[in-house]
Structure formats: structure tokens, C-alpha cells
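Chains as they are written, first to last, in full-length UniProt numbering: chain A, 1 to 534; chain B, 1 to 534.
For every residue, glycine included, the Cβ atom is placed at its ideal position computed from N, Cα and C.
It should be emphasised that the depicted structure is a prediction, and the values quoted were computed from it without experimental measurement.
Number of protein chains: 2
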Amino acid sequence: MTRTEPAGTPLGDQFHLYDTTLRDGAQREGISYSVADKLAVARLLDELGVGYIEGGWPGAMPKDTEFFARAAAGELALRHAVLVAFGSTRRAGVRAEEDSQVRALLDSRAPVVTLVAKSDVRHIERALRVDVAEACAMVEDTVSFLVGEGRRVFLDAEHFFDGYAYDPETALRVLDAAGRGGADVVVLCDTNGGQLPLGIAETVREVAQRTGLRLGIHCQDDTACAVGNSIAAVQAGATHVQCTANGYGERAGNADLFAVTGNLVAKLGMEVLPEGGAAELTRVSHALAEIANIAPDTHQAYVGSSAFAHKAGLHASAIKVDPLLYNHIDPALVGNDMRVLVTEMAGKASLELKGRELGLDLAAQPEALSSAVKKVKSMEAQGWSFEAADASLELLLLAETGKAPAEPPFTLESYRVVLDHRVGGEVGSEATVKVHVGGQRVIATAEGNGPVHALDAALRKALSPHLSWLDSVELSDYKVRILAGHPGTDAVTRVLVESSDGEREWTTVGVHANIVEASWLALCDALVHKSLRK
Amino acid sequence: MTRTEPAGTPLGDQFHLYDTTLRDGAQREGISYSVADKLAVARLLDELGVGYIEGGWPGAMPKDTEFFARAAAGELALRHAVLVAFGSTRRAGVRAEEDSQVRALLDSRAPVVTLVAKSDVRHIERALRVDVAEACAMVEDTVSFLVGEGRRVFLDAEHFFDGYAYDPETALRVLDAAGRGGADVVVLCDTNGGQLPLGIAETVREVAQRTGLRLGIHCQDDTACAVGNSIAAVQAGATHVQCTANGYGERAGNADLFAVTGNLVAKLGMEVLPEGGAAELTRVSHALAEIANIAPDTHQAYVGSSAFAHKAGLHASAIKVDPLLYNHIDPALVGNDMRVLVTEMAGKASLELKGRELGLDLAAQPEALSSAVKKVKSMEAQGWSFEAADASLELLLLAETGKAPAEPPFTLESYRVVLDHRVGGEVGSEATVKVHVGGQRVIATAEGNGPVHALDAALRKALSPHLSWLDSVELSDYKVRILAGHPGTDAVTRVLVESSDGEREWTTVGVHANIVEASWLALCDALVHKSLRK
Chain A
1 MTRTEPAGTP LGDQFHLYDT TLRDGAQREG ISYSVADKLA VARLLDELGV
51 GYIEGGWPGA MPKDTEFFAR AAAGELALRH AVLVAFGSTR RAGVRAEEDS
101 QVRALLDSRA PVVTLVAKSD VRHIERALRV DVAEACAMVE DTVSFLVGEG
151 RRVFLDAEHF FDGYAYDPET ALRVLDAAGR GGADVVVLCD TNGGQLPLGI
201 AETVREVAQR TGLRLGIHCQ DDTACAVGNS IAAVQAGATH VQCTANGYGE
251 RAGNADLFAV TGNLVAKLGM EVLPEGGAAE LTRVSHALAE IANIAPDTHQ
301 AYVGSSAFAH KAGLHASAIK VDPLLYNHID PALVGNDMRV LVTEMAGKAS
351 LELKGRELGL DLAAQPEALS SAVKKVKSME AQGWSFEAAD ASLELLLLAE
401 TGKAPAEPPF TLESYRVVLD HRVGGEVGSE ATVKVHVGGQ RVIATAEGNG
451 PVHALDAALR KALSPHLSWL DSVELSDYKV RILAGHPGTD AVTRVLVESS
501 DGEREWTTVG VHANIVEASW LALCDALVHK SLRK
Chain B
1 MTRTEPAGTP LGDQFHLYDT TLRDGAQREG ISYSVADKLA VARLLDELGV
51 GYIEGGWPGA MPKDTEFFAR AAAGELALRH AVLVAFGSTR RAGVRAEEDS
101 QVRALLDSRA PVVTLVAKSD VRHIERALRV DVAEACAMVE DTVSFLVGEG
151 RRVFLDAEHF FDGYAYDPET ALRVLDAAGR GGADVVVLCD TNGGQLPLGI
201 AETVREVAQR TGLRLGIHCQ DDTACAVGNS IAAVQAGATH VQCTANGYGE
251 RAGNADLFAV TGNLVAKLGM EVLPEGGAAE LTRVSHALAE IANIAPDTHQ
301 AYVGSSAFAH KAGLHASAIK VDPLLYNHID PALVGNDMRV LVTEMAGKAS
351 LELKGRELGL DLAAQPEALS SAVKKVKSME AQGWSFEAAD ASLELLLLAE
401 TGKAPAEPPF TLESYRVVLD HRVGGEVGSE ATVKVHVGGQ RVIATAEGNG
451 PVHALDAALR KALSPHLSWL DSVELSDYKV RILAGHPGTD AVTRVLVESS
501 DGEREWTTVG VHANIVEASW LALCDALVHK SLRK
């Protein structure tokens, strides 16, 4: 079994920043992660430095089972975070070790398990249909069985605040059962999201006093107070806070990880992230929005592109004199910027950092760095986004620093794609490309499932006799985002293409009003990038 | 002079629900109201029943001057609300009655004036460049001049919380000056938005004790706590709360009027709206988003279309038994609705609930219900998703229950789309459709920015001479998701199309390996759905 405590944060195990983007956050309408998406989300959260990553519900959801299997097989090497499996206590009248759902939690090999249990007597009696004694036994048995198997266990007390208000004794009995079973943290959940900050603080204080247990907090945003409620709970004594990236979640969503973390770090002075983590908040927020395929909220606290933007007016000149009189924090603290940027990528410091990551010393070429910043900014204004497309960014930086190869592996003359919905309902796609490669002009035609597939097939057919490495490259993922136009302009399409050669994966981006052309640009970048690394 | 107190709310003047959508809310990037827009916003806010509507800054902004002139000329007959003009205290070294900006406030004929004044010593000295004594005189003089002219005056103490933390004596002197001048309310403003709920409550309690003045609260959302901060301030004694519709405002925005009101009414039991007002919250929120030309936030607390939506699964059958166990309030209280999302885990219970929402009694047709469940499950296994596509689901349920119309509005024979990337780099898209409509076979060709745009244009060209209602229908949003295939199968594309006819919005879905065909399916459903509702 691997470690059960987060590594590298100054507060260590004293305070848990616990992320449930992959489980509770995935309840948001429209979100549907692939297993590869889930692995990418977990990697980004680990880069940020959260303490715990709840990966899903193994046994209940096949994708989650696969996620944990691939994580255990070495696809997810976490530096800071500990992986958590979520699940339910045993069913009524069954021994914990004989409950297949509980066994699936063990099989996931996650070192920590968070169990959900009902703590509102009405839910226990009407939904679970057992008495309180059995509900408590279900909690205690399951916790102690998992602890006996070497797992660290947290208990999510579902509907806790409503239950405690209605019948405090039952709610506390459930917590005590978890404590007796050996749970390390009992998490007070505002499952229906109806609480307000002062009430949360009062209840947390009271429960801490009455139980002596280590308390966590899990808030939903139905009163638009999830962040305020979470912070109030921490100020009242909770030392474990559950959040989701960008507040994704069912109904009005959950407490936003980035706002909660910003507040803990900047307002309460708590070192809940490893050094340098806070400055990654903005980047990670945007990258996770990209994977969820949800447009980032420009007005999001701390990390939104407008979070520190000031309309010219009342303060414009005063701001220049003393920006901190008009901002609640220095935006750099959370990796954001006071200017209105299309994204945070377009700063010199971050681009330099990014260059270093890609093996390019941009600090040594200040003019190339300036011109790269300018180029990235102007492309981002047109809808490009390099946050999730390192390979395209690398090509751009190579071009700006004069390090691009003199000769591209191929050049396009033209292409044509024809899509037919024929009489009878059959749908066909056919593409013809004319390219120059290896000193020759090549024309090739191919069919595909759709326009992009046909274009990719025709391009491969034209190039593969000339480029020996091409056959190893596969298009492994493809994402599309329609970007609303500015008034008076048309929408544009942004395409992200993830490629793989069996050894590594790389992502490229293309933007155009026409989705096929946008895809073409990303496909070309993918092949050019491979040709550099071959 | 007209009345200065809100009419028709049970709490009357004891509590002020104060809206600044038209002034502080208009600071949000991208918002630009015409005078007609401003009048429409004010009418909607009055219908809702807010107590005070801050209309703008007459004298400083020409549009605002015109707005007040037209309101005074009778274009704005307010039933509940009182109109407020916003402005600044007199300039340093000038008598209030000689300050042209102060005179413009009188000229606006608004019965109430809210004056903004600096209360942070650093802002007084560095931005205003006067000493504290003169800053206080500016406040007292201007307030007493306006009160002498028959106006009711509120004072916005800008940067109050930061100022009070840094130098409480100066901050309190400014409030006292306003009190001496005759201000009815002094509003503590968290201008930079950096506060948290427990701190706000503590400061409000302290200031109430030390000054004895009537206190208001104005919060910005930079810590994602604007709503929680506002409510905490009210619980600590503030009796005047300033908000903006949907939280529009500079940076991360302001406290959202709808969430604050929902909390005051549903959580604190305060009758801050006239009878029936709360049930208008959802409608007014969406209407104001429409005027601001900002897509409504589907996950907004209380009023978002997903605010009470549950993913089927864990709870669907329990929800049917007792919805209030799974909602923090009855959604009808705020004019919202409980939607049940149909997802991979679609069961009979959730589909039946969904049918009821759409006005179909599936319980009375158990066989149709079974077959619909089977159909939805098998379609979802192929990548269809109905959770965001009510209109497509309604068409499916109508077909399963034998209630679909016998004759579709049109049928497709075939289409062809040609995409060209020509020598020189120009990209073109052209579509030809062959359809049968109104007893005729019609062929039409059109160009577009991309394949879907061209197809939509060609279809409209073919149909619009025959379907009179078609021109009112607009494609308002378009989303694409590529779904990874199961091993051995190909990826498919899921397209969501949101349509609008100016009165309502509906969403349809299409799934196919070919993105253009998927879009076609969703476009067709959108038009068929409209033809049923026309």
C-alpha cells in the first residue's frame, strides 16, 4: 500500500485540501469524462498540489473501475496527492467483507476510501429503510473492515446539516459510529446546499465540541454560499475541505476548489499547497475547463480572466499609482494578471517557464520572447488556446526563436472534402488532398466516417510512402469547442487533437470558422511535431 | 416629490432590497445598455418588487441623465420601487450647492440620492488628496444640502472594510459625518471584494454598536463570497442590502440579487418582496440576462435551469416519493422547476418524472413507458444524451406513446456538402439539399462559414417559402462533443443545437460518426419540435 498522507505541503496532514472533481463534480449536466480525461484531470490536480483526489466510485461505474486499475498499474504517478476511492457503506443485513461494492473499494487499491453514509434520520428511515441502530452498524462495520485491511477511511455524512437540525442525536450517533470504526475524518455534508455561513460555523463548532472528532466540510452551492460556507467551517474548526474544480457539480454546483484555495492561502494565510502551487491556480482552472469542455467563467473569483480586470472609469489613473488599493490581492499570487488577457498563458514569465519546460531558454533571447508573447496574445484574441496544446506552442516558440527546421516534412497544395447523405439514408465522406512531399507532388483520395477522418486518411495515404515514421502515429483524441463570436463576427471553432505514437502523447490546436480547416491545422501540427521528435 | 419609501412590501421601510444593476452592474465587461434597455430593466425590477432601483449617475453619464429625464417625464411608473440617483459628494473646496455634479443629482428629480464617499484613509489621502477633516466636510455638507432640498440620502462608504481594518477611527468619522448630515443609511462597501462572511458579520456588529447608525451592505464577489457576505451582514444587523441582477458587475461581479433575495425569503423568512414577488425571481433573472445579452448561467443558485436538476441514478426513485428530501427548497417558491436529467442510468422512475414535466402521463401507458426506457437506454449506449436535450426527448416520448403527428413538416431526400481548401489558402463550404415540403420537391444550394452553417442555410432556403414560422427560429448555440468509441468501434460525434424563437429556447441532439450528419439530425429535430409548438 502506498502513502495515505499528502506529500510536500507545509501543513502536511494537518489540513486536507480534498478534490472531488472526478466524482461529485462529474454529476454536473453535460460532463462526461473518458478514462484518459480522468487521468489527465488527476495529473493536473496533482501538479497544483491538492492533498486528496477522489477518483470515482469503483464497482459502481465501469469507467471508474478502469480508472483505478490504470492508476494502480502505474499510469498515474502522484507526487503530492493521495488517490481516494469513493463508495457506500455495506448494504443492510450483509457482512462488510461479503458486500461486493465494499470489495470493489479494496480491489481499486486506492490507499484511502471515503464512505458515504446517511446521517439524517428521515433519509435513514425513508430512503435506506433501516433503523438507526442498523444504519450505525453499517457505518462502523464498513469503516473498521476497511481500516483492518490497511486503508485510511474518511466518512461523508450525507445531509448532515439538515439531519442535525431535525434530529441532532441521530446525526451525532452516525458520526460516533464512524469514529469507533476508526475513520480519520468525518465530513459534514450540506448535500442539499441550503446552508448559510453563520449557521455552518455554529454547527461545526458545536459538533466539534460534542464529538471530539476530526471534521471535514462538503458544501453545495444552492444558496450561492458554498465557498463562504466552506471557509466559515474551516474558521470554526474543520481541517478537511472538499471542493471541485470550478465548482462543477450537480444543480448549482459544489464549492469551487480555486476560490476556496485562494481564500485559504490569501485570506487565512494557510499553506495548503506545496510551494509554487498557488501560482498554478489560474492555469489549472483553465486546463480543467478545457478537459470538461466547458467554457471558463470569465468572472470567476481569483482565476477568471476578468477577475482583476478594471473597466476604465472611476479608478483607472489611481490604479496605475497603487494597484493594491484597487485589488484585494496581488493577482500574480494566483497566477492571474491584472490586464485583461485572453488567457494567462500570454505573460512573459509564464511563457518563459513554459519554454523552459519544453527545453527552450527564452530568457536568453529577450526579443524572441517579446515577439512570442505578442504572437500568442494576438492568436488568443482570435480564439486559439495553448493551455492544453503544448505541441502547437512548442512549434510556435521554435519558429519565434529561429529554431524551426528549414524544411517542413510536407506542404499542402489543396484539399477537397465531399459529404453525401444519399437517397436511402447512406452517409458518405470522401477527401482528396494534393501535397508536396519528398520532392514530389502527390494526389490521394480516401473515404472516412466523417470529414476529418476522411481528410486524415487521405493525408496518410499521400504521405506514408515518403515518411517512414507516419504509421506509428495515431489520432488518440479529438475535441471541438465552438467559440461564440464577438458582436458582429461569426463564431469560430477550436479543435484539439491528441496524437500518440505508442510512447508519448502530444496535443495540437487549430482554430478556424470552418471546423474541417481547424481540424486540418491541428492535424498538420501533430505530424510536424512528430517529425521533429522522430 | 414622490414617495421615498418602497410600497407594498410587508417589511416596508424596515428593510431595503436595493438594486444597482443599472449602475454598478453595468460595470461588467461587455454590458452596454441603451436608455430603452435601462427603462426595461427598471420595469422588470419593479415587477419583482425590489425597494430601490439605482438608475445611474446623472450628470456623469449622458445616457443616465436621459434615463432620469425620461423616467421623470412619466416613462417609468414604478409601483413598488423608488428610483435612486447615484453620485459623488461635492468636490474639495467648493460649496455643495455650487458643485455641478451635485446639482445634476437634484435635476434628475430622483427622490432618493446615494452618495459615494471614500472611507479608507489611504484613498482619502492618495486618490482624493485631501485631509480627513475636509473629506468628512464634503460628506456632511453634501448630505445636508440634499436633505434640505427634500431628498432622502444614503451614503456608500467606499472601501469601508479595508479602511476600517487599517484605520477604524477615520472610517467611523466618515460615517458619523454622513449621520450628522442627515443620511438615513450608511452603506458599508466591500469595494475590492476581499472579505469573508465571519469577518463581515463581526465588523457590522461592531460598527452598529459604535455608531448607532442604520447600516447597509454592498459586496463584490472577489472571494466568491458576495452572497454569503451580504447575508452575514444582514444577520449581524444591516437592514439595507445592495445587489445586482445575476451578480453582474466589475471583476468577479457583485452580490446576486436573486440568490440574496432567495436566501432572505426562503432561509431567513424575511418578507422583502410584495406578495407573489418571489415566484417571479426565475422569470425576471432570465429576462434581465436577455436584455444584458449574456447567456443565463444554467447553474445559478435558485434561478438557473439546472438549479433543481437531479441526475437520475442514486436518488430518482426516492425523489419521486419525497422531493423535499432532495431539494433545499420547493423550486416553485422562486418560480423554478425541478428537472430530472435522463442519463446513462435512465430508469423508469426518472423517465416517468420527465414525461410528467413534459405533460405526458407515462404511468397510464406502462407498455409505452417500458419501450421508451428500452429505446433511451439503447440510444444512450450509442452516445445519445438527453439530459440537455429535452426537445429531442419529447419527440421520442411522443413517438413511443403514439402521440406524434402523422405528417412531418418536411422530409429529406438527400444532401451534399463540399468543402474546399483551394490553392492560395482560401477555404469554402457549400451545401445542396433536396427536400420534400408542402407537396413539392425543392432543391436549394447555399454557402456558409463551415459545413453545418452551409447546410443550415441551404435547408432554410429550401423550406422558408413553405413554412411561415421558420424565419422566427434561430440557432442560438451549438455544441460538439466527440465521444471515444468502445474498443473496436469508431468514435461518434454528439451535437447539441439550441434554438430560439424569441420566446422560448429548446435543445435538440444528434449523434453520428459524421459530425455533419449528427448536426443534421439535431437541426431537423429542432424544426420538427417548433412545428409542434407553433
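Quick one: what's got a C-beta closer than 8 Å to residue i's C-beta in the same chain, skipping five residues either side?
i, result
"Leu-341 (chain A)", "In this prediction, Leu-341 (chain A) scores a pLDDT of 32, lower than 50, which makes its location untrustworthy; the coordinate-derived value is nonetheless stated afterwards. For Leu-341 (chain A), where only same-chain residues beyond five positions count, the Cβ hits under 8 Å are Ser-305, Gly-347, Lys-377, Glu-380."
"Pro-197 (chain B)", "Cys-225, Gly-228, Asn-229, Ile-231, Ala-232"
"His-286 (chain B)", "Pro-296, Val-303"
"Arg-70 (chain B)", "Val-35, Leu-39, Leu-76"
Enumerate in chain order the residues of its own chain whose CB-to-CB distance from residue i is below 7 Å, with the five nearest sequence positions on each side excluded.
i, result
"Gly-277 (chain B)", "Leu-48, Gly-49"
"residue 535 (chain A)", "Any question about residue 535 (chain A) goes unanswered here, given that chain A covers just 1 to 534."
"residue 556 (chain B)", "Since the first residue shown for chain B is 1 and the last is 534, residue 556 (chain B) is missing from the structure and cannot be characterised."
"Cys-136 (chain A)", "Arg-173, Val-174, Ala-177"
Just how far apart, CA to CA, sit residue i and residue j?
i, j, result
"Ala-289 (chain A)", "Pro-296 (chain A)", "6 Å"
"Arg-28 (chain B)", "Ala-292 (chain A)", "26 Å"
"Met-518 (chain B)", "Gly-383 (chain B)", "Looking at the sequence provided, one finds Ala at residue 518 (chain B) rather than Met. Roughly 11 Å separates the two Cα atoms."
"Pro-451 (chain A)", "Thr-493 (chain B)", "12 Å"
"Ile-294 (chain A)", "Gly-30 (chain A)", "9 Å"
"Asp-107 (chain B)", "Val-113 (chain B)", "11 Å"
"Ala-372 (chain A)", "Leu-360 (chain A)", "12 Å"
"Gln-365 (chain A)", "Arg-3 (chain A)", "43 Å"
"Val-473 (chain A)", "Ser-499 (chain A)", "7 Å"
"Ala-133 (chain A)", "Val-116 (chain A)", "17 Å"
"Asp-190 (chain B)", "Glu-352 (chain A)", "36 Å"
With a CB to CB cut of under 6 Å and the five nearest residues on each side skipped, what residues in its chain are close to residue i?
i, result
"Ala-7 (chain A)", "His-80"
"Gly-355 (chain A)", "Leu-362, Leu-397"
"Leu-45 (chain B)", "Asp-19, Ile-53"
"residue 551 (chain A)", "Because chain A here runs from 1 to 534, residue 551 (chain A) falls outside it and cannot be looked at."
"Tyr-248 (chain A)", "Gly-25, Arg-28"
"Ser-531 (chain B)", "Pro-409"
"His-328 (chain A)", "none"
"Ser-368 (chain B)", "A small correction: the amino acid at residue 368 (chain B) is Ala; Ser does not occupy that position in the sequence shown. Contacts found: Glu-400, Thr-401."
Under 8 Å, do residue i and residue j count as touching if we go by C-beta distance?
i, j, result
"Val-334 (chain B)", "Thr-282 (chain B)", "yes"
"Leu-188 (chain A)", "Leu-215 (chain A)", "yes"
"Phe-68 (chain A)", "Ala-96 (chain A)", "no"
"Ala-178 (chain A)", "Met-138 (chain A)", "no"
"Asp-24 (chain A)", "Tyr-52 (chain A)", "no"
"Val-497 (chain B)", "Thr-507 (chain B)", "yes"
"Val-265 (chain A)", "Val-241 (chain A)", "no"
"residue 538 (chain B)", "His-529 (chain B)", "A query on residue 538 (chain B) cannot be resolved here, the shown segment of chain B reaching from 1 to 534 and no further."
"residue 567 (chain B)", "Leu-527 (chain B)", "No answer is possible for residue 567 (chain B): it lies beyond the span of chain B, which begins at 1 and ends at 534."
"Leu-105 (chain B)", "Gly-59 (chain B)", "yes"
* Asked: Contact between the region 176-186 of chain B and the region 135-146 of chain B: three or more CB pairs below 8 Å?
  -> yes
* Within the chosen definition, does the region 455-462 of chain B reach the region 427-445 of chain B through at least 3 CB pairs nearer than 8 Å? -> yes
* To do: Please confirm if the region 390-406 of chain B is in contact with the region 420-439 of chain B, defined as three or more CB-CB distances below 8 Å between the two stretches.
  => no
* Are the region 128-135 of chain B and the region 154-163 of chain B touching by the rule of at least three beta carbon pairs closer than 8 Å? -> no
* Secondary structure, beta strand (DSSP E): runs of 3+ residues fully inside the region 196-249 of chain B -> 215-219, 240-243
* To do: Could you tell me whether the region 414-428 of chain A touches the region 464-481 of chain B, where touching means 3 or more Cβ pairs closer than 8 Å?
  => no
* Run through the region 145-182 of chain B for me and flag every whole beta strand (DSSP E) of 3 or more residues, listed as ranges in chain order. => 152-158
* Under 9 Å (Cβ pairs) to chain C, residues found in the region 222-242 of chain A -> The chain labelled as chain C is not found among the protein chains of the depicted structure, namely A and B.
* Ranges of the beta strand (DSSP E) found wholly within the region 82-125 of chain B, counting only runs of at least 3 -> 82-88, 112-118
* To do: Taking only runs that begin and end inside the region 16-44 of chain B, name each unbroken beta strand (DSSP E) of 3 or more residues, in chain order.
  => 16-19
* beta strand (DSSP E) runs contained entirely in the region 476-514 of chain A, provided each spans 3 or more residues -> 492-500, 505-512
* **Uninterrupted alpha helix (DSSP H) stretches inside the region 402-430 of chain B (no shorter than 4 residues)** => none
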